[in-house]
Ligand code: NAP
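Numbering (this note's numbering), first residue to last: 177 to 701.
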């Protein structure tokens, strides 16, 4: 549900904004601290005339908050700093039949109680929102839980907690609070402000936030980072998370609660995993979503994952090794490879796994026999280790070729296999060459880690890169008569294996490949 705050500087402008907003939103919030000489009775009645179903929240914030929200020019209109005037205004809102009034936790439990009993005396039609705003930072999750408990003390209709995101991980804290509130059957609005908080605004609706705030247009933003109503609708449509069930069903689900998954990496903007996993979840009939998070601190991200009851995570560059020390348990494959690309959350216990090796092996085995065949692995990083592990497990023989000789030799020694420098690749006799470096990946499609003439004689060449679909390495290999395997199947298979670990169900691999293929073809120049 979308709520448009009405922040116009005059009563006349506010009436115009109400006229437009009632067509676009489920809720409007009358920001009486910002509407100059606002006539509450007139504003409420205009909204009711425009839409019988619109819900109305009446709010009167303190001056400082209006100023921080970028409304400094109007602050002279603010009435919010006199508690007596504020109480009088909120009581008037109750008498006029507003659906909700918003009172800050900072005003104290006595004020909250007074307003609550005033509501009850007037038929209890108006719900109380107890709100907490931190305009500087986002406290730690345990502190936020304490604040939530204070807000929830008077059993309000809704608890609202809004904090300033100083770093991207702060989003996970406010979203962690949504799970915390839902477990306690308390309706909540929890989100972060600021540029680094936009993720929470986009993702929170799918996590069960009671409503999303969106501005009528950019001029009317009531808080930094707020989307416009058009943007919010687009995001909701993209996430395909428009709720059809009433909130009560979400708060007290009769069946399973939503199963949400995340991608943790930095950067993640280009990742196609959300597209692939969300399509798969939908097809599998699983209520839940998969969202990408660009994180700075993997430890904090995993802590939030536990708190939010996120069922599983994919881990990508640069955290495949760094996450390991924060996990409760790591499976034998991932331990041997020395990297985790999948996390399973089993009631707060996080288990690390690796599906990259399986993704690669399933792809290879579809095209050729692995047993007793020789594979030149170009690279000595995490993917090279996963490739070598899978190949050896299937009875194949790896050979390492890497740019940095020392690093390549360390890996080759560990695997007890030969090492060659990149310039020697043409001399090696092998059945398949696999590129596990990022050379040739979009936007550097004109690069290849191996010279074209060195590819002659390799029956198969595989690239773990899937964007572009045909890398320069693969195009060169084709010219040399090699059979080629793109990284697309590996990507689909490693993702499908993640879904199998998370859900115990067989994922729709063909569909997953189809959506990624379509997206890659669409974005080809
Ligand atoms: P990584 O641990 O950082 O290792 C990268 C390797 O690439 C290192 O051995 C590095 O060599 C080599 N390298 C980097 N730049 C190079 C250059 N200009 N010339 C020659 N060698 C170079 O990375 P990773 O996690 O293994 O990931 C590697 C690639 O695999 C990424 O593109 C990733 O997207 C892809 N991947 C794809 C899938 C899939 O499902 N298709 C799954 C996992 C990963 P030095 O030792 O000399 O630095």
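We treat Cβ as the ideally placed atom computed from N, Cα and C, and that holds for glycine.
Since residue 367 sits in a beta bridge, which residues does DSSP pair it with? 338
Cβ-Cβ distance between residue 177 and residue 392 below 7 angstroms: no
Could you check whether the Cβ of residue 613 sits closer than 6 angstroms to any heavy atom belonging to the ligand NAP? yes
How about residue 695: is its Cβ closer than 6 angstroms to a heavy atom in the ligand NAP? No, since every heavy atom of the ligand NAP falls outside the 6 angstroms radius drawn around the Cβ of residue 695.
Excluding the 5 residues preceding and the 5 following residue 267 in the sequence, name in chain order all residues of the same chain whose CB lies nearer than 8 angstroms to its CB. 291, 294
Between which two residues does the alpha helix (DSSP H) harbouring residue 198 extend? Secondary structure note for residue 198: its alpha helix (DSSP H) is the uninterrupted segment 187-200.
Taking 6 angstroms as the limit between beta carbons, can you name the residues of its chain near residue 572, skipping five residues before and five after? Result list for residue 572: 546, 549, 551, in chain order.
Should residue 532 be counted as a contact of the ligand NAP given a C-beta to heavy atom distance under 6 angstroms? yes
Do residue 460 and residue 681 count as a contact pair if the criterion is CB distance below 7 angstroms? yes
Report the option in 228, 182, 331, 209 whose CA atom is closest to the CA atom of residue 238. With distances taken between Cα atoms, residue 238 lies closest to 209.
Are the stretch 335-346 and the stretch 312-322 touching by the rule of at least three beta carbon pairs closer than 8 angstroms? yes
6 angstroms CB neighbourhood of residue 231 in its chain, flanking five on each side removed: Take residue 231, set aside five residues on each side of it, and the residues of its chain with a beta-carbon closer than 6 angstroms to its own are 203, 275, in chain order.
May I ask you to check if the CB of residue 578 is nearer than 6 angstroms to at least one heavy atom of the ligand NAP? yes
Whether or not the stretch 599-617 and the stretch 647-658 are in contact is what I'm after, with contact meaning three or more pairs of Cβ atoms, one per stretch, closer than 8 angstroms; do they touch? yes
Could you spell out the range, first to last residue, of the alpha helix (DSSP H) harbouring residue 453? 449-459
How many angstroms separate the CA atom of residue 561 from the CA atom of residue 532? 10 angstroms
So, at 7 angstroms on beta carbons, what are the nonlocal neighbours of residue 567 in its own chain, with the 5 sequence-adjacent residues on each side left out? So the list reads 546, 551, 574, once near-sequence residues are dropped.
How about residue 553 and residue 564: do their beta carbons lie closer than 7 angstroms? yes
Residue 495, DSSP secondary structure in three states: Residue state for residue 495 is assigned as coil, using DSSP reduced to three classes.
Classify residue 184: buried if its beta carbon has 16 or more other beta carbons within 10 angstroms, exposed otherwise. buried
Can you round the beta-carbon distance between residue 638 and residue 661 to whole angstroms, since I take them to be within the 8 angstroms contact cut? 4 angstroms
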